[in-house]
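Trainee:
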Amino acid sequence: MSTDSLAPDVRRMRRTRLSAVMIVLAWIAVLAALLYRPTFREEGPMLILGWALFMLRTFLSVAGVGALAIAVAMLATRRRRLAVACALLAGVCAAPAVSILRTQGEAEPIEQPLRVMSFNVLAINRNHDAVAREIVRQDPDVLLILECTPRWESELCERLGDSYPHRQTIWWNDRFGMMLLSRRRFDSTRVLGRFGRPCVRAEIGSGNGAIVLYGVHYPHPVTPKRVHAAWQMFADTLELAADETLPVVIMGDCNFGSTSPQTPALARAGFRDAQAICGQGLGMTWSARGPFSLLPGARIDHIFIGQGLACSGAWTGRASGSDHRPVIADIGRTRAPLRSAGD
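Per the working numbering, residue 36 is the first one in the sequence shown, and the count goes up by one each step.
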């Protein structure tokens with residue numbers, strides 16, 4: 036047999052071996068991302084590694100779709116073992132999302148219900164009327180507006196009128212910030228945060244119904260510098276929340292997903308994601324606009340409730356021209372179980 040006739044078989048074997056190596060590396064990366072447990076105080080090379088694992092873990096659903104597509108391609112080229120390996124990898128990538136769906140249950144009984152809503156309206160979005168209509172439709176008691184600009188502040192205050200008599204706007208600079216609006220009085224508010232990205236802490240309500248709300252907007256983790264700021268701010272939030280004596284709500288554009296390492300860190304601190312308690316589906320919030328909207332997306336806007344709080348409903352709203360869908364939840368103090376006549 037001539038050398039020329041062997042060449043195609045040799046090239047095919049080399050491509051198969053290369054594909055096998057790439058799939059093994061993909062398995063290692065996915066397993067490392069799932070097992071990764073950061074302190075959120077990482078620096079230097081560990082921050083770079085953590086950033087890579089964080090991004091993979093956050094977008095596991097996208098990685099799963101990619102693995103499934105490769106499995107189909109391998110099957111079409113009769114590389115059955117590699118196809119099975121890719122299909123199993125797709126299943127592993129989908130497992131965290133499936134576990135979220137499995138934990139969703141029924142509405143929890145609450146006292147003095149409070150409807151909260153977080154909405155990143157997108158600074159360049161000009162659909163002021165549509166956003167205002169969505170806010171009115173959802174009818175929140177407490178509303179957090181993110182990517183707020185002076186124009187957004189004036190437009191929403193004009194359209195919402197006196198519906199929210201208690202307001203505070205926090206500016207990162209002269210043109211960008213967040214706005215907190217509430218029907219219930221703020222007992223006290225405080226501006227927090229570092230790295231030029233302040234957050235807000237507010238005590239809302241009084242008596243047995245009082246809660247502490249942290250409105251956050253962590254930097255989007257597109258570079259190691261930004262992920263360093265986001266992680267430091269997240270760690271600061273956890274430390275501050277641990278010292279609170281009232282029940283705590285953390286909500287906003289967190290820029291991490293339901294499968295990201297921040298979510299189990301919050302669970303260890305006693306927080307639960309409202310969507311995971313009694314929401315419907317995965318509740319993807321980004322991206323609702325542009326080319327990224329064609330991908331499976333991620334849930335990066337959250338409402339987390341601390342100990343002593345329960346949730347009777349959680350859902351996402353209409354994007355109304357933004358690249359984020361708003362998140363809404365009905366929350367309140369945990370209702371004490373009724374005593375039976377024999378107790």
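Glycine residues also receive a C-beta, built at the ideal position from the N, C-alpha and C atoms. Quick caveat, the model's predicted, so the values are computed rather than measured.
In chain order, which continuous runs of the alpha helix (DSSP H) of length 4 or greater are located wholly inside the segment 53-109?
Mentor: 79-93
Trainee: When you compare only the Cα positions, how much space is there between Ile-363 and Arg-150?
Mentor: As a position in the sequence shown, residue 363 is number 328, starting the count at 1. As a position in the sequence shown, residue 150 is number 115, starting the count at 1. Roughly 7 Å separates the two Cα atoms.
Trainee: Compute the beta-carbon to beta-carbon distance between Ala-354 and Ala-309, rounded to the nearest angstrom, for a pair I have assumed lies under 8 Å.
Mentor: Counting from one through the sequence shown, the residue named residue 354 turns up at place 319. Counting from one through the sequence shown, the residue named residue 309 turns up at place 274. With a Cβ gap of about 19 Å, Ala-354 and Ala-309 do not count as contacting.
Trainee: Please state if the CB of Leu-248 and the CB of Ala-265 are separated by a distance shorter than 8 Å.
Mentor: Taking the first residue of the sequence shown as position 1, residue 265 is located at position 230. Taking the first residue of the sequence shown as position 1, residue 248 is located at position 213. No, the pair does not count as a contact, with Cβ atoms beyond the cut-off.
Trainee: Please classify Asp-336 as buried or exposed, where buried requires at least 16 neighbouring CB atoms within 10 angstroms.
Mentor: Numbered from its first residue, the sequence shown carries residue 336 at position 301. Buried, since its Cβ has 16 or more Cβ neighbours within 10 Å.
Trainee: DSSP puts Leu-149 in a beta bridge; with which residues?
Mentor: Along the sequence shown, read from residue 1 onward, the residue named residue 149 stands at position 114. DSSP lists Ile-366 as partners of Leu-149.
Trainee: Opposite Ala-345 in the DSSP bridges: which residues?
Mentor: Walking along the sequence shown from the start, residue 345 turns up at place 310. Its beta-bridge partners are Gly-367.
Trainee: CB-CB under 6 Å to Val-166, same chain, minus the five flanking residues each way: which ones, in chain order?
Mentor: Your numbering for residue 166 matches position 131 in the sequence shown. Here the set comprises Val-156, Ser-355.
Trainee: Quick check on the DSSP output: the alpha helix (DSSP H) that includes Trp-266 runs from which residue to which?
Mentor: Along the sequence shown, read from residue 1 onward, the residue named residue 266 stands at position 231. That run of the alpha helix (DSSP H) goes 259-277.
Trainee: Please state whether DSSP places Asp-378 in a helix, a strand or coil.
Mentor: To locate residue 378, count along the sequence shown from 1; it is residue 343. Only weak support exists for where Asp-378 lies, its pLDDT of 47 falling under 50; the value from the coordinates is given anyway. Looking at Asp-378 - three-state DSSP - the assignment turns out to be coil, as it is neither helix nor strand.
Trainee: Which residues mark the beginning and the end of the alpha helix (DSSP H) in which Trp-207 is found?
Mentor: Mapped onto the sequence shown, residue 207 falls at position 172. Per DSSP, Trp-207 belongs to no alpha helix (DSSP H) and is neither H nor E.
Trainee: How many Å lie between Met-213 and Gly-196 at the Cα?
Mentor: Against the sequence shown, residue 213 aligns to sequence position 178. Against the sequence shown, residue 196 aligns to sequence position 161. Rounded to the nearest angstrom, the two C-alpha atoms are 18 Å apart.
Trainee: Within its chain, find whatever has a CB closer than 7 Å to the CB of Leu-373; leave out the 5 residues flanking it on each side and keep chain order.
Mentor: In the sequence shown, the residue the question calls residue 373 occupies position 338. With a pLDDT of 42 at Leu-373, under the threshold of 50, the modelled position of that residue is not reliable, and no figure is offered here.
Trainee: Can you tell me which of Arg-229, Val-45, Arg-220, Arg-92 puts its alpha carbon nearest to the alpha carbon of Pro-299?
Mentor: The sequence position of residue 299 within the sequence shown is 264, counting from 1. Checking every option, the nearest Cα to that of Pro-299 belongs to Arg-92.
Trainee: At what residues does the alpha helix (DSSP H) containing Ile-312 begin and finish?
Mentor: Counted from its first residue, the sequence shown places residue 312 at position 277. Start and end: 309-313.
Trainee: Let's test the definition: count the other Cβ atoms within 10 Å of the Cβ of Gly-367 and tell me whether it reaches 16, buried, or not, exposed.
Mentor: Indexing the sequence shown from 1 puts residue 367 at position 332. Buried, because 16 or more other Cβ atoms sit within 10 Å of the Cβ of Gly-367.
Trainee: State the DSSP-derived secondary structure class of Arg-288, mapped to helix, strand or coil.
Mentor: By 1-based counting over the sequence shown, the position of residue 288 is 253. Here residue 288 is Asp; the residue named in the question, Arg, does not match the sequence. In the structure shown, the three-state DSSP call for Asp-288 is strand.
Trainee: Applying the criterion that 16 or more other CB atoms from any shown protein chain within 10 Å of the CB defines a buried residue, is Asp-222 buried or exposed?
Mentor: Looking up residue 222 in the sequence shown gives position 187. By the 10 Å Cβ count, Asp-222 comes out exposed.
Trainee: What residues in its chain sit with their C-beta under 7 Å from that of Gly-332, if we drop five residues either side in the sequence?
Mentor: Here residue 332 is taken as the residue at index 297 of the sequence shown, counted from 1. Here the set comprises Met-319, Trp-321, Ser-322.
Trainee: Tell me whether Val-156 sits in a helix, a strand or coil according to DSSP, three-state version.
Mentor: Position 121 of the sequence shown, counted from the start, is the residue given in the question as residue 156. Note: Val-156 maps to coil in three-state DSSP.
Trainee: Taking the C-alpha atoms as reference points, what is the distance between Pro-254 and Cys-289?
Mentor: Mapped onto the sequence shown, residue 254 falls at position 219. Mapped onto the sequence shown, residue 289 falls at position 254. The C-alpha of Pro-254 lies about 8 Å from the C-alpha of Cys-289.
Trainee: Using the DSSP secondary-structure output, state which residues sit across from Asp-336 in a beta bridge.
Mentor: The sequence position of residue 336 within the sequence shown is 301, counting from 1. According to DSSP, which records beta bridges pairwise, Asp-336 is partnered with Asp-288.
Trainee: Return the residue from the list Glu-193, Gly-240, Ser-54, Arg-232 that minimises the CA-CA distance to Cys-121.
Mentor: As a working note, residue 121 is residue 86 in the sequence shown. Nearest of Glu-193, Gly-240, Ser-54, Arg-232 to Cys-121, Cα basis: Ser-54.
Trainee: Note down the Cα distance separating Arg-210 from Thr-294, rounded to an integer number of angstroms.
Mentor: For the purposes of this step, residue 210 is taken as the residue at position 175 of the sequence shown. For the purposes of this step, residue 294 is taken as the residue at position 259 of the sequence shown. Computed Cα separation, rounded: 32 Å.
Trainee: Going by alpha carbons, who is nearest to Ile-285 out of Ala-98, Ile-246, Val-262?
Mentor: The count along the sequence shown starts at 1 and reaches residue 285 at position 250. Nearest option by C-alpha distance: Ile-246.
Trainee: Does DSSP put Met-48 in a helix, in a strand, or in coil?
Mentor: Along the sequence shown, one-based indexing puts residue 48 at 13. Of the three classes helix, strand and coil, the one that applies to Met-48 here is helix, per DSSP.
Trainee: Put Asp-174 into one of helix, strand or coil per three-state DSSP.
Mentor: Looking up residue 174 in the sequence shown gives position 139. Asp-174 falls in the coil class under three-state DSSP.
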